[in-house]
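Working notes, beginning with the structure itself.
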Amino acid sequence: MSVVLSSRDSILEVFDHFRDELDDFHDRRERLIKCSRDVTNLSKKVIFLIHRSLTEGLGQSDERETSLRAVSRAKEKLKDVQNLFAGMREEVAGDRFWRHQRNVSPGLQEYIEALSLAHYLECQTLISYEEVQKSLSDADGTPYFPLPLDDYLLGLSDLTGELMRYAISSISRRGGRSKANEVCIFVRGCRADFEGLTPHFRELRKKQQVTSQSLEKIEDVAYAIAVRSSEYDLPPELLDDIVERTVAE
Amino acid sequence: MSVVLSSRDSILEVFDHFRDELDDFHDRRERLIKCSRDVTNLSKKVIFLIHRSLTEGLGQSDERETSLRAVSRAKEKLKDVQNLFAGMREEVAGDRFWRHQRNVSPGLQEYIEALSLAHYLECQTLISYEEVQKSLSDADGTPYFPLPLDDYLLGLSDLTGELMRYAISSISRRGGRSKANEVCIFVRGCRADFEGLTPHFRELRKKQQVTSQSLEKIEDVAYAIAVRSSEYDLPPELLDDIVERTVAE
Amino acid sequence: MDPQNLEYINQLLDKDVELREKIKDQVTEFDKKTRTLTGLLNKIHSTPPSQVPELVATVTPVLQSCKETTAALAELTPPNQFWRWKDMWSVSLRNAVFSAAFVEYLRSGGLLSLPRAAETLGIKDEWQDRFTLSAEDYLHALITMVNELSRLAVNSVTMGDFEQPLKISTFVKDLFAGFAMLNLKNDALRRRYDSLKYDIKKIEEVVYDVSLRKLAPVQTDNT
Amino acid sequence: MDPQNLEYINQLLDKDVELREKIKDQVTEFDKKTRTLTGLLNKIHSTPPSQVPELVATVTPVLQSCKETTAALAELTPPNQFWRWKDMWSVSLRNAVFSAAFVEYLRSGGLLSLPRAAETLGIKDEWQDRFTLSAEDYLHALITMVNELSRLAVNSVTMGDFEQPLKISTFVKDLFAGFAMLNLKNDALRRRYDSLKYDIKKIEEVVYDVSLRKLAPVQTDNT
Amino acid sequence: MDPQNLEYINQLLDKDVELREKIKDQVTEFDKKTRTLTGLLNKIHSTPPSQVPELVATVTPVLQSCKETTAALAELTPPNQFWRWKDMWSVSLRNAVFSAAFVEYLRSGGLLSLPRAAETLGIKDEWQDRFTLSAEDYLHALITMVNELSRLAVNSVTMGDFEQPLKISTFVKDLFAGFAMLNLKNDALRRRYDSLKYDIKKIEEVVYDVSLRKLAPVQTDNT
Amino acid sequence: MDPQNLEYINQLLDKDVELREKIKDQVTEFDKKTRTLTGLLNKIHSTPPSQVPELVATVTPVLQSCKETTAALAELTPPNQFWRWKDMWSVSLRNAVFSAAFVEYLRSGGLLSLPRAAETLGIKDEWQDRFTLSAEDYLHALITMVNELSRLAVNSVTMGDFEQPLKISTFVKDLFAGFAMLNLKNDALRRRYDSLKYDIKKIEEVVYDVSLRKLAPVQTDNT
Amino acid sequence: MDPQNLEYINQLLDKDVELREKIKDQVTEFDKKTRTLTGLLNKIHSTPPSQVPELVATVTPVLQSCKETTAALAELTPPNQFWRWKDMWSVSLRNAVFSAAFVEYLRSGGLLSLPRAAETLGIKDEWQDRFTLSAEDYLHALITMVNELSRLAVNSVTMGDFEQPLKISTFVKDLFAGFAMLNLKNDALRRRYDSLKYDIKKIEEVVYDVSLRKLAPVQTDNT
Amino acid sequence: MDPQNLEYINQLLDKDVELREKIKDQVTEFDKKTRTLTGLLNKIHSTPPSQVPELVATVTPVLQSCKETTAALAELTPPNQFWRWKDMWSVSLRNAVFSAAFVEYLRSGGLLSLPRAAETLGIKDEWQDRFTLSAEDYLHALITMVNELSRLAVNSVTMGDFEQPLKISTFVKDLFAGFAMLNLKNDALRRRYDSLKYDIKKIEEVVYDVSLRKLAPVQTDNT
Ligand SMILES: [Mn+2]
Ligand SMILES: [Mn+2]
């Protein structure tokens with residue numbers, strides 16, 4: 031290729047090359063966006079599945095057992111998502127990952143939301159950065175791509191919204207009544223932890239507001255339960271029994 | 031009607047009355063909005079008619095004659111609009127006019143825009159407040175309703191946009207070349223006159239910006255004509271003749 | 067523009083500007099009075115039933131004093147121009163009507179009619195085209211009253227008065243039935259009417275709490 | 067441009083305005099009917115169980131009359147333009163479906179299916195391209211029904227009916243489980259679905275209160 | 067909710083996403099073709115009059131190939147859903163119509179009518195409810211053509227063709243008079259129509275220059 | 067532009083840039099401290115009454131350390147330019163005042179006055195033209211405190227402390243009555259003041275729940 | 067809130083309101099004067115070169131009269147509060163500076179420096195902490211002048227003055243080179259500076275038209 | 067969050083913050099250089115053809131000095147993270163490439179290829195994943211050059227150089243034909259590409275003016 035292009039034909043020749051390069055980029059971008067959308071949809075379904083499994087368990091079995099069943103179903107489905115990420119590996123190899131990070135990001139965050147919800151139900155803790163990165167690595171522990179810090183945090187931030195839903199529906203779940211309080215304390219901790227990181231992540235700042243609202247809703251649930259139990263002053267297990275018997279009649 | 035209502039029935043009775051009153055108001059409002067929309071449409075058509083008539087006259091007859099023919103056609107149509115206003119008379123009698131001013135206002139302004147355009151073509155002046163009010167009065171000179179000052183000014187402000195269109199198309203009109211300059215001076219005067227009134231009318235302030243843009247466009251047309259004539263240094267009449275002959279060939 | 071026309075326009079304009087200033091001054095006055103009114107009435111939420119008449123008595127003279135303001139505004143407004151200027155004072159007027167209606171409820175448990183509300187504020191029939199109490203403003207005031215009544219239902223229970231919520235429930239439901247008869251368009255009134263549902267729900271929940279605990283006789287309303 | 071071409075284009079441009087007006091008139095009608103429906107159904111909150119069939123009977127003819135409106139709208143809509151105009155009537159349609167579904171619950175305790183809802187409102191399969199009941203509108207109507215049922219749970223207790231809340235609880239939980247199976251997008255429907263949790267919470271609180279009251283009347287009337 | 071009802075609703079919700087994808091693919095195709103068309107037609111600005119027929123000949127097969135795309139889109143669009151999806155392809159369609167109309171002007175000096183434009187692109191009357199050429203899209207295309215014609219007037223002179231500007235002037239004035247007969251709303255079309263005045267102004271300036279040059283070669287080359 | 071003029075203007079522009087950087091650094095510091103403060107105070111919502119003094123004790127030294135920051139800012143600000151730069155730190159300052167006022171409530175149940183708030187943060191009277199605590203910032207801080215107190219009322223009950231809501235209710239109502247006497251113009255402060263009503267309603271509902279269930283002695287406050 | 071605290075806060079709030087009113091009155095005055103100034107200067111676009119000195123002469127006394135206003139504002143502003151209130155008058159001040167600078171160009175063809183602009187408007191150095199002309203306001207005024215000069219270039223040609231555009235071109239390019247040396251941050255000033263490019267392009271096109279047609283001597287500026 | 071995780075996150079975060087600061091410093095440097103470059107190149111619009119080589123000579127050393135900056139940036143960027151940080155410097159880089167390409171056009175009349183542009187700025191192939199010249203940035207720079215060339219076409223005529231517009235016209239049309247081959251998406255590049263049409267139109271008009279007046283030999287380009 032000559033260094034200075036002085037004829038129309040030589041110009042068209044190099045633009046021909048640019049076209050291929052741009053098309054290649056746009057096509058990959060489209061594929062990744064589509065893939066990210068699939069990841070989002072699958073992850074949303076996992077979250078729904080978890081809530082659904084918890085609802086199904088209503089009163090039939092022990093709370094812990096219900097949670098674990100929900101978790102194992104979720105993990106099953108999450109494997110599909112992880113396979114999608116594994117499939118992206120080539121597309122985002124080398125310096126390409128950061129070029130396409132914004133295209134992958136929505137799906138990644140939704141995945142982290144789902145994964146961390148399952149993790150919470152299993153361990154009652156916040157999933158760590160390394161655990162998430164590990165879930166996005168092959169059998170040898172080599173990551174498919176680096177886990178961006180902001181996607182990790184933004185995914186976790188969305189978790190609090192799901193926990194709010196979990197807490198609210200816990201009011202109609204046997205043994206779940208004590209859960210509301212647990213979740214309340216946990217989310218309060220999340221909010222405090224995130225607070226220190228907000229100066230560095232603008233989007234997290236916006237999501238913090240949603241987290242605060244979710245927290246208030248969870249507090250209201252814990253309050254409603256506390257107020258009602260206080261009136262009778264009976265152990266929660268016994269209260270549950272009474273309610274269950276009445277409904278069953 | 032008792033002064034204090036202490037039974038459900040008595041309450042329902044007075045609300046029955048409120049319903050009639052509100053329905054009456056909303057129905058009138060709907061009628062006036064529809065009527066105002068008709069006025070708007072008719073007035074827009076008048077403006078189009080004027081531009082069209084001016085275009086049709088292209089080169090066939092004398093500029094002044096073309097203008098006057100456009101004006102007389104417009105006046106014909108404007109009578110229809112005035113009849114619509116006459117028909118509103120009852121609806122906006124007494125204190126009702128100001129209650130519904132906002133509903134009537136869009137049509138009124140468009141009418142003033144059309145009326146003032148015809149007036150300009152006829153007299154080369156800005157139509158006065160009293161002339162507009164008179165056009166909205168019966169044979170005895172009794173107004174159908176008071177003319178709000180802001181509608182008058184906002185209607186005039188829109189006129190400058192139409193004059194811009196007039197000036198731009200004048201470039202392709204025989205004898206119309208000198209028109210661009212006339213319009214330019216006139217619109218410059220309008221803008222200056224309105225400027226003193228902007229502190230009192232917020233909407234006029236916004237429209238002043240549009241007027242300034244229109245003025246610049248008119249100045250560009252006057253400039254384009256001046257530049258071309260300067261190059262040849264022939265009387266405009268002669269230039270027109272030459273162009274006409276070429277096109278006719 | 068020819069100078070004569072400009073002159074004329076400026077005259078019209080100056081007149082309006084001056085009038086607006088004068089009305090503004092009156093509205094500032096009006097606003098102070100209604101602020102006092104709502105301040106006083108806010109105390110109802112911690113006033114035991116026995117002391118309500120006393121509270122009502124402190125409100126009455128302030129309400130009375132609004133008559134001067136309405137008269138001043140009616141004096142200022144040119145004939146037929148009521149609707150041109152009313153937006154300037156309608157917030158204040160609604161607050162005054164709210165106060166009058168709330169006082170009436172506290173006094174008699176009944177609904178203050180529109181003509182009586184106008185009378186209470188000294189609004190004369192002959193001002194019709196300069197200053198009047200429109201249905202819209204009256205209805206807004208009633209909605210404000212319902213907002214306060216739902217709060218009162220809650221606070222009455224706190225003060226140990228279990229009858230008040232039942233009274234409020236019946237009164238508000240009657241009023242709501244009235245509102246439901248109106249064909250409201252998508253405007254401010256409609257939005258506020260929609261918000262009434264939350265007040266009603268709250269009141270229903272208070273009545274529920276009271277009934278469940280048999281703190282008051284079972285409600286047997288069956289309209 | 068030749069005059070015929072011009073005329074043709076002008077016609078196309080004008081037709082829509084007229085059609086919009088006509089549809090608007092029908093929607094105003096439709097709106098009045100659904101207003102009456104919701105007004106009547108609102109009475110359920112103070113109607114003792116024994117009188118419910120009577121209330122349902124007054125609602126039925128109004129529901130029936132909606133068939134005329136849906137037919138008129140189907141008539142007006144040009145073939146194939148359902149998607150162009152549907153936003154104009156969807157609020158009214160959702161209210162009508164809500165009424166039909168609520169009536170069905172009051173009558174049988176069961177859920178009105180989408181095809182049955184369409185049938186009740188006289189919507190014909192062959193109108194497919196002009197007027198149809200979309201899944202979205204149907205689901206919105208069901209959510210509105212749940213909102214009302216949570217209120218009804220509260221008010222039933224006030225009226226001394228302790229069975230209704232239990233029935234409502236079972237019905238709503240079932241419905242909620244159904245919603246949970248849908249793959250909703252992040253739109254208005256999703257947001258309203260999310261809000262259902264609060265209704266369920268309220269209903270659960272009532273069930274809880276009722277259960278404990280029944281077994282352990284801790285407090286006695288002490289007004 | 068019974069599973070069948072649920073399944074049915076879920077299907078309805080999912081179908082649209084898939085359809086959108088398919089239409090998008092066709093639009094990408096369409097877009098490539100119109101890009102080629104405008105690329106070829108852009109050469110007109112440096113093509114001497116004698117070689118215009120040759121250029122037109124290279125354009126025709128590409129125009130022809132658009133028929134496949136319109137057929138594919140008509141095939142995809144469900145009956146009655148024209149209005150739901152048309153925004154996806156209207157940019158491409160306008161470009162195709164522009165090309166057809168420009169070619170017609172270059173070939174015959176005349177205006178391509180709307181039905182002829184539709185025919186050229188293979189749009190069939192019986193697709194009415196799935197794919198049609200709206201008046202709006204047709205008019206947008208004509209305005210694009212005028213934009214190009216004003217450029218062509220300038221470039222023709224550069225290439226030594228002094229007749230073309232006069233032909234363009236007559237053609238565009240006629241077209242403009244046609245537009246003036248339409249009752250346009252205040253929308254995108256109206257704004258673009260307004261901008262036509264600048265094209266006419268430019269063309270007139272060229273006509274002016276050409277006329278005077280012809281008769282009075284005032285200046286001689288003095289580089 | 068002549069070089070001298072240019073030089074002069076560039077100097078003016080550069081000086082500001084530099085100062086802005088320095089202030090920004092201090093504000094970042096300030097922000098860290100107030101973030102720590104609100105983080106610590108946030109623990110109040112899960113701290114049983116007995117451990118409150120301990121929590122307060124951890125907050126005090128951080129509050130104390132804010133004095134250095136205010137001193138640094140006062141040092142940086144050129145005489146007379148308080149109003150130019152204050153927007154940069156007002157968020158942090160309000161948070162610091164909020165913390166001081168909240169701590170005061172938790173310690174004594176009383177309201178921290180404006181001069182005392184300034185003193186707590188080490189703001190000196192003689193800094194008047196460089197760094198001062200404006201009434202606006204003080205009032206914003208109080209409103210933030212009320213927001214937190216309404217949450218605290220809720221969470222206290224959850225922790226089994228039924229006295230706290232009653233104390234909060236009295237304190238907040240008193241504060242609200244004070245606000246009602248201020249001449250707030252229609253600005254941000256006014257809007258936040260209006261929002262206080264929701265906090266009061268929430269607190270009233272907590273007090274209601276507690277009273278209804280006789281979880282705490284009947285409230286007989288009648289301010 | 068204790069009464070003393072309240073009283074104190076209310077005083078602070080009231081004082082500001084009053085001052086704001088007074089400043090507003092002066093700004094209204096100022097605005098009138100600058101409106102007159104721009105009105106007069108606007109006539110330049112139809113004033114033949116020979117009558118420019120006359121036009122300048124009518125502007126001077128109005129400019130002179132601005133000194134009273136700046137003095138009044140400096141009098142009103144409390145020491146140190148310049149930065150608090152300056153936004154109220156900066157639009158008027160910029161317009162006054164624009165007028166002064168434009169007059170200077172018309173008179174001498176030169177650029178009014180910042181200190182000279184301040185002097186023209188009677189702004190004293192000792193007002194430093196109450197009223198001063200900031201670099202930002204001065205630069206905004208210069209940009210406004212360039213906007214007007216590009217219009218003047220166009221209109222001069224229309225009036226047959228072919229020298230003016232050349233003078234303007236040289237002046238503006240010089241000014242633009244000055245701006246290019248400033249460290250403008252990304253704010254309103256930067257955006258307006260960027261827009262200057264359009265004015266320069268416009269002026270260049272006028273100079274082009276004039277040169278092409280040999281209406282004025284070939285420009286041989288090579289700064 | 068468990069403390070270990072928090073610790074780890076904070077480490078990652080601190081590293082990024084520090085790196086961002088360092089890059090920012092380099093970009094500030096880079097920006098100063100490109101500002102100087104565009105300042106110098108802006109003089110071309112008033113430089114007669116004979117003095118162009120001289121102007122080019124003053125630009126070259128500044129261009130040369132950019133190599134240090136690109137090296138520093140390549141050094142800073144961690145492996146594979148080019149796309150993560152490039153937004154920080156792409157404005158400066160595009161300006162530098164624009165300058166290099168413009169200089170090349172002025173020197174040889176030809177187009178600087180991407181590899182040569184990279185080489186000119188000292189960008190090494192082995193930096194590939196840390197600092198490279200992307201096609202996008204290169205294309206943006208070319209568009210900026212076309213913007214300047216349309217201005218240059220106008221100003222050349224003013225300076226009496228009638229050959230330059232013809233050269234520019236050919237060069238720009240060739241370039242435009244290249245751009246037309248790209249499948250641009252709806253992004254910034256597409257918008258800027260669309261704006262090229264205005265530049266081309268302007269250039270065509272200059273060529274027209276020159277041809278009409280026979281100021282230069284008739285153009286016989288017929289690609
Ligand atoms: Mn979520
Ligand atoms: Mn108009």
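Protein sequence lines, in the order shown, are assigned to chains A, B, C, D, E, F, G and H.
Going by this note's numbering, the first sequence opens with residue 31, and the numbers climb by one from there.
Going by this note's numbering, the second sequence opens with residue 31, and the numbers climb by one from there.
Going by this note's numbering, the third sequence opens with residue 67, and the numbers climb by one from there.
Going by this note's numbering, the fourth sequence opens with residue 67, and the numbers climb by one from there.
Going by this note's numbering, the fifth sequence opens with residue 67, and the numbers climb by one from there.
Going by this note's numbering, the sixth sequence opens with residue 67, and the numbers climb by one from there.
Going by this note's numbering, the seventh sequence opens with residue 67, and the numbers climb by one from there.
Going by this note's numbering, the eighth sequence opens with residue 67, and the numbers climb by one from there.
Just so you know, even glycine gets a beta-carbon here, dropped at the ideal spot from N, CA and C.
Here the structure is a predicted model, which means the values were calculated and not measured.
Exercise for the section: Can you grab the Cα-Cα spacing for the pair residue 226 (chain C) / residue 107 (chain C), in whole Å? Expected result: Here residue 226 (chain C) refers to the residue found at position 160 when the third sequence is read from its first residue. Here residue 107 (chain C) refers to the residue found at position 41 when the third sequence is read from its first residue. Taking the straight line from one Cα to the other gives about 20 angstroms.
Exercise for the section: Establish whether the CB of residue 235 (chain D) and some CB of chain A are separated by less than 8 angstroms. Expected result: Residue 235 (chain D) sits at position 169 when you count from the first residue of the fourth sequence. So yes, residue 235 (chain D) belongs to the interface.
Exercise for the section: May I ask you to check if the CB of residue 266 (chain D) is nearer than 7 angstroms to at least one heavy atom of ligand 1? Expected result: If you number the fourth sequence from 1, residue 266 (chain D) lands on position 200. False, no ligand heavy atom lies under 7 angstroms from that Cβ.
Practice task
Determine the DSSP secondary structure at residue 69 (chain A), reduced to helix, strand or coil.
Solution key: As a first step, residue 69 (chain A) must be located in the first sequence, where it is residue number 39. Helix, per DSSP.
Handout entry: Reduced DSSP secondary structure (H/G/I, E/B, other) of residue 159 (chain E)
Key = By one-based count along the fifth sequence, residue 159 (chain E) stands at place 93. The answer is helix: DSSP assigns residue 159 (chain E) an H, G or I state.
Practice task
Report yes or no: is there a C-beta of chain C within less than 8 angstroms of the C-beta of residue 91 (chain D)?
Solution key: The residue labelled residue 91 (chain D) in the question sits at position 25 within the fourth sequence. By this cut-off, residue 91 (chain D) is not an interface position.
Practice task
Establish whether the CB of residue 190 (chain B) and some CB of chain E are separated by less than 8 angstroms.
Solution key: Here residue 190 (chain B) corresponds to residue number 160 of the second sequence, with the count starting at 1. No, no contact with chain E.
Handout entry: Option in H:92, H:220 and H:279 with minimal Cα separation from residue 158 (chain H)
Key = The residue labelled residue 158 (chain H) in the question sits at position 92 within the eighth sequence. Among H:92, H:220 and H:279, the Cα nearest to that of residue 158 (chain H) belongs to H:92.
Exercise for the section: Just the C-alpha distance for residue 287 (chain F) and residue 224 (chain C), rounded to the nearest angstrom, thanks. Expected result: Here residue 287 (chain F) refers to the residue found at position 221 when the sixth sequence is read from its first residue. Here residue 224 (chain C) refers to the residue found at position 158 when the third sequence is read from its first residue. With a pLDDT of only 49 at residue 287 (chain F), under 50, the local geometry of the prediction cannot be trusted, and the value read off the model is given with reservation. Spanning the two alpha carbons is a distance of roughly 10 angstroms.
Practice task
With 8 angstroms as the threshold, decide whether the Cβ of residue 197 (chain A) is near any Cβ in chain F.
Solution key: Counting from one through the first sequence, the residue named residue 197 (chain A) turns up at place 167. So, not an interface residue.
Problem - First and last residue of the uninterrupted alpha helix (DSSP H) at residue 150 (chain D) - result: To locate residue 150 (chain D), count along the fourth sequence from 1; it is residue 84. First-last of the alpha helix (DSSP H) with residue 150 (chain D): 148-151.
Practice task
Let me know the secondary structure DSSP gives residue 115 (chain H) once reduced to three states.
Solution key: Taking the eighth sequence and counting its residues from 1, one reaches residue 115 (chain H) at position 49. In the structure shown, residue 115 (chain H) sits in a helix (DSSP, three-state: H, G or I).
Exercise for the section: List the endpoints of the continuous alpha helix (DSSP H) containing residue 169 (chain A). Expected result: Looking up residue 169 (chain A) in the first sequence gives position 139. Segment: none, residue 169 (chain A) is in no alpha helix (DSSP H) and carries neither H nor E.
Practice task
Could you please go through the chain and list the residues whose beta-carbon is closer than 7 angstroms to any non-hydrogen atom of ligand 1?
Solution key: A:77, A:143, A:188, A:191 and A:192
Exercise for the section: Could you check if residue 83 (chain E) is buried or exposed, using at least 16 other CB atoms within 10 Å of its CB as the buried criterion? Expected result: Taking the fifth sequence and counting its residues from 1, the one referred to as residue 83 (chain E) is at position 17. Exposed.
Exercise for the section: Determine the closest residue to residue 113 (chain E) out of E:235, E:279, E:164 and E:220, with distance taken between C-alpha atoms. Expected result: Along the fifth sequence, read from residue 1 onward, the residue named residue 113 (chain E) stands at position 47. The shortest Cα separation from residue 113 (chain E) among E:235, E:279, E:164 and E:220 belongs to E:220.
Problem - Spatial distance of residue 249 (chain F) from residue 70 (chain F) (CA atoms) - result: Counting from 1 along the sixth sequence, the entry for residue 249 (chain F) is found at position 183. Counting from 1 along the sixth sequence, the entry for residue 70 (chain F) is found at position 4. So the two alpha carbons sit approximately 50 angstroms from each other.
Handout entry: Closer than 7 angstroms at the beta carbon, the chain G residues around residue 275 (chain H)
Key = Working through the eighth sequence from its first residue, we reach residue 275 (chain H) at position 209. Correct list: 278.
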